[in-house]
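Asks: First the structure, then my questions, so here it is.
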Amino acid sequence: MKLSAAIDLYIAKRQAMGEKFYSPAAVLRALSRSHGEIELSSLTPDQMSSFLAGPRTGPATWRHKYGTLRVFFKHWRVREELRMAPLPPPAPKYTTSFVPYIYSVSELRLLLSAVPCCQRRDECLMSASTFRALLLLLYGTGMRIGEALRLCGGDVDLGNGILTVRGTKFYKSRLVPLGADVHAHLRAYLALPGRVDRNDQPLFQSRLHKQVPRQVVEKRFRILCNLAGVRRDESSPYQPRIHDLRHTFAVHRLTEWYRKGDDAQALLPALSTYLGHVELHSTQRYLTMTPELLGEANRRFERYVCGGSDE
Numbered sequence: 001m002k003l004s005a006a007i008d009l010y011i012a013k014r015q016a017m018g019e020k021f022y023s024p025a026a027v028l029r030a031l032s033r034s035h036g037e038i039e040l041s042s043l044t045p046d047q048m049s050s051f052l053a054g055p056r057t058g059p060a061t062w063r064h065k066y067g068t069l070r071v072f073f074k075h076w077r078v079r080e081e082l083r084m085a086p087l088p089p090p091a092p093k094y095t096t097s098f099v100p101y102i103y104s105v106s107e108l109r110l111l112l113s114a115v116p117c118c119q120r121r122d123e124c125l126m127s128a129s130t131f132r133a134l135l136l137l138l139y140g141t142g143m144r145i146g147e148a149l150r151l152c153g154g155d156v157d158l159g160n161g162i163l164t165v166r167g168t169k170f171y172k173s174r175l176v177p178l179g180a181d182v183h184a185h186l187r188a189y190l191a192l193p194g195r196v197d198r199n200d201q202p203l204f205q206s207r208l209h210k211q212v213p214r215q216v217v218e219k220r221f222r223i224l225c226n227l228a229g230v231r232r233d234e235s236s237p238y239q240p241r242i243h244d245l246r247h248t249f250a251v252h253r254l255t256e257w258y259r260k261g262d263d264a265q266a267l268l269p270a271l272s273t274y275l276g277h278v279e280l281h282s283t284q285r286y287l288t289m290t291p292e293l294l295g296e297a298n299r300r301f302e303r304y305v306c307g308g309s310d311e
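Going by the UniProt record's numbering, the sequence shown opens with residue 1, and the numbers climb by one from there.
Next up, the structure:
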């Protein structure tokens, strides 16, 4: 059996069982593109090592790819299409110093200003207005990129300023209230000619009137960052990502709460629910993510110690 056929059958089976299977399917399809014409039984650990060490592969991505392949090969071993899994030894576990990139307000303005230049070519799959609206929604709500791209016209309630997010990371739906600014931007975007006419149409469409692929958005965002001059130190292997808009939303929200004198700790569960986190500790990590946020927390603590009040 060809590897490509084995992958197609496996993905179809997992999805037929009711699984979303987005991320593992993307890993397997990437493997199919590079080695699909090879017989499944002829794959070697060296070939898999090369695939696992592909471009922009950090430790977490490597482990995710490895786990996906391990389960895939186990599936075909049970069915006697393989004698053994052609995988190299697993990489040793170690902690990574990776910290998400938190965009400043000025950097966000630079990115938005560079969108027309980034998307001006006719061959770009997204229009500038679509890309800009997507970025504003991601920063303004903290949604995951996959959640935003799967939004359809029927998920948008402009009258009440609410989005219904379906097919989330943990297979749950949630309601996302929109702030006034995001609400206004989204209303203006939907008022443009040729946007969303039906409830089943993607909210963010390509020029072909189809859902924009995530890989396309991520690639255009890397180009956008280069055009806007938004990047980490040259020596860093991790450059700003579109997913970091989600982290930026959370950190900016917490910083604003501290500045206003709100009880950020008490409000964390609400932020956790809004972001779609299953466990509170996933949200608590934002409390120590930037010097600015730590500074606001320290100033509030000093006011409490010196004056007996944190107001």
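Cβ atoms here follow ideal geometry from the backbone N, Cα and C, with glycine treated the same way.
In its own chain, which residues sit with a C-beta less than 6 Å from the C-beta of residue 283, not counting the 5 before and 5 after it?
Replies: Setting aside the 5 residues that flank it on each side, residue 283 is surrounded in the same chain by 268, 271, 272, 277, each with a C-beta closer than 6 Å to its C-beta; the list follows chain order.
Asks: Applying the criterion that 16 or more other CB atoms from any shown protein chain within 10 Å of the CB defines a buried residue, is residue 119 buried or exposed?
Replies: buried
Asks: Which ranges would you report for the alpha helix (DSSP H) in the region 73 to 147 if only whole runs of at least 4 residues count?
Replies: Qualifying alpha helix (DSSP H) stretches, in chain order: 105 to 118, 128 to 141.
Asks: Taking residue 214 as part of the alpha helix (DSSP H), name the residues at either end of that continuous run.
Replies: 214 to 228
Asks: Which ranges would you report for the alpha helix (DSSP H) in the region 174 to 207 if only whole runs of at least 4 residues count?
Replies: Correct list: 180 to 190.
Asks: Measuring alpha carbon to alpha carbon, tell me which of 35, 211, 241 ends up nearest residue 196.
Replies: 211
Asks: Given a cut-off of 9 Å, decide if residue 68 and residue 27 are closer than it, judged by their beta-carbon atoms.
Replies: yes
Asks: With the cut-off set at 9 Å, would you say residue 76 and residue 6 are in Cβ contact?
Replies: yes
Asks: Mark residue 127 as exposed unless 16 or more other C-beta atoms lie within 10 angstroms of its C-beta, in which case mark it buried.
Replies: buried
Asks: At which residues does the alpha helix (DSSP H) containing residue 38 begin and terminate?
Replies: From DSSP, residue 38 is part of no alpha helix (DSSP H); its letter is neither H nor E.
Asks: Take the Cβ of residue 48 as the centre, count every other Cβ of all protein chains shown within 10 Å, and call the residue buried at 16 or more, exposed below.
Replies: Buried.
Asks: Once DSSP output is grouped into helix, strand and coil, what is the label at residue 164?
Replies: For residue 164, the three-state secondary structure derived from DSSP is strand.
Asks: Report yes or no: do the region 145 to 157 and the region 253 to 266 share at least 3 C-beta pairs separated by less than 8 Å?
Replies: no
Asks: According to the neighbour-count rule (16 or more other Cβ atoms, all chains shown, within 10 Å of its Cβ), is residue 117 buried or exposed?
Replies: exposed
Asks: Based on the DSSP output, what are the partners of residue 157 in its beta bridges?
Replies: Residue 157 pairs with 162.
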